[in-house]
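Mapping of the sequence shown onto the numbering used here: residues -13 to 111, in sequence order.
All C-beta atoms in this analysis are idealised placements derived from N, C-alpha and C, irrespective of residue type, glycine included.
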Amino acid sequence: VREGFRFLTRLIDEWNSGANRFDAPGECLMAAYRNQQLIGIGGLSVDPYTRENIARLRRVYVNASSRGHHVGRTLVKALVAHAALRFQNVCLFTDTAEGDAFYLRCGFMRIDDDHATHVMCLKDI
């Protein structure tokens, strides 16, 4: 949270208020640890802006000292694998150039949408 990423504050606030606990069918919250220290986190939820068969990747964050060691990519890969069990697509929103480049490397494609910047197709329609 010290780095100023507002989505981490939102993750904590939404969890504490019960607004988003990643507990609906198909949703999950995953974490990465090194030496019993939390180094990464990310969630998957039903996308509130689209149909039910679309998942939204949310609140993906990796500790600055752990970046560049495939923690984020491994976390996203696990979240996408979980999404594939229930959803047709995974979308996300990022507003940073670093996030854009990261998600492109993870296999997402840019899209032009009011509520999402990237999507990954998991199943053929």
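Looking at residue i: is its Cβ nearer than 8 Å to the Cβ of residue j?
i, j, result
"His104", "Thr80", "yes"
In angstroms, rounded to a whole number, what distance separates the CA positions of residue i and residue j?
i, j, result
"Val62", "Ser3", "25 Å"
"Ala18", "Ser51", "13 Å"
"Ala87", "Leu(-3)", "23 Å"
"Arg72", "Leu65", "12 Å"
"Tyr35", "Arg20", "35 Å"
"Gly29", "Asp98", "22 Å"
Can you look up residue i in the DSSP assignment and give me helix, strand or coil?
i, result
"Gly29", "strand"
"Arg96", "strand"
"Ala87", "helix"
"Arg20", "strand"
"Leu(-3)", "helix"
- [ ] Can you check the segment 31 to 82 for any alpha helix (DSSP H) of at least 4 residues that lies completely inside it and give the ranges in chain order?
- [x] 57 to 70
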